[in-house]
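Notes follow the structure.
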Ligand code: E4P
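Numbering (my numbering), first residue to last: 229 to 441.
Structure representation (structure tokens):
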């Protein structure tokens, strides 16, 4: 499983890249709004740092025609831009059009196995099931990952599964165990992933012993 970072913050992207684990970036309108910057300018900045790996940029339009026009503009910013499209019937039409144009797509806001299957059949490069938001309403987000992995494996579907709306390290570990291709992770959780109290204690003890020699 690859690690993507779920952010529009350039410092966080640079920091994750320095770790050598960065397989791509996902943004969404809320993450971009938080930055208070021009969307296209920020995408240019991000794609100058992340030059090869996929950078998802989401359309705002709700109709297929509008999504296609917006997506073409986004895709023109850099060759590694993936157009992020919401999981609606209009979104499916747009995904189909993008796949014919050779533009990669990430279908977002996926909350059921059959939505993922529809997106894949329409030609999506990636589907993004939202774990945390399902957990928030008392459903099990990880069960959705398992369901989509099973459907895609059964039907030999090449669309990649991005575990999204990740809230804590267990989401990441379990998504990897279940067979998600990618987890897109907020910076705070990426930092948590490398930590273990026994590692810190071990370092402290080694240093104390070294200094007492
Ligand atoms: C994924 O691509 C989305 O940007 C993201 O994971 C949404 O997460 P949230 O539910 O924490 O907003």
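Each residue gets a CB set at the ideal place from its N, CA and C atoms; glycine is no exception.
All values reported here derive from a predicted model rather than from experimental measurement.
From the options, pick the residue whose C-alpha is nearest to that of residue i; which is it?
i: residue 400; options: 421, 343 and 355; result: 421
i: residue 336; options: 330, 348, 270 and 325; result: 348
i: residue 406; options: 393, 378, 307 and 386; result: 378
i: residue 241; options: 268, 414, 330 and 394; result: 414
i: residue 357; options: 325, 319 and 393; result: 393
i: residue 246; options: 319, 277, 234 and 324; result: 277
i: residue 346; options: 430, 253, 381 and 320; result: 320
i: residue 275; options: 255, 263 and 262; result: 255
i: residue 359; options: 340, 350 and 280; result: 340
i: residue 279; options: 253, 324 and 269; result: 253
i: residue 385; options: 368, 263, 425 and 352; result: 352
i: residue 326; options: 441, 350, 236 and 382; result: 350
i: residue 329; options: 315, 301 and 316; result: 301
By DSSP's criteria, residue i is part of a beta bridge. Which residues make up the other side?
i: residue 230; result: 410
i: residue 358; result: 392
i: residue 309; result: 283
i: residue 338; result: 357
i: residue 425; result: Answer is none; residue 425 lacks a bridge partner.
i: residue 397; result: Per DSSP, none; premise fails for residue 397.
Just to confirm my understanding: we take residue i, look at its own chain, exclude 5 residues before and 5 after, and list those with CB closer than 6 Å. What are they?
i: residue 288; result: none
i: residue 310; result: 282, 284, 332 and 334
i: residue 344; result: 338, 355 and 376
i: residue 230; result: 251 and 410
i: residue 390; result: 354, 356, 410 and 412
i: residue 273; result: 238
i: residue 427; result: none
i: residue 438; result: none
DSSP three-state label for residue i, please.
i: residue 279; result: coil
i: residue 386; result: coil
i: residue 254; result: strand
i: residue 332; result: coil
Using C-beta distances below 7 Å, list every residue in its chain close to residue i, excluding the 5 sequence neighbours before and after it, in chain order.
i: residue 322; result: 292, 295, 296, 299 and 313
i: residue 303; result: 309, 311 and 331
i: residue 257; result: 286 and 288
i: residue 244; result: 233, 250, 415 and 418
Near residue i, what residues of its chain come up, given a Cβ to Cβ distance below 8 Å and the 5 sequence neighbours on each side ignored?
i: residue 396; result: 417 and 420
i: residue 402; result: 370 and 373
Lining residues of the ligand GDP - beta-carbon closer than 6 Å to any non-hydrogen atom, in sequence order: Absence of the ligand GDP from the depicted structure is noted, with the ligand E4P being the only ligands included.
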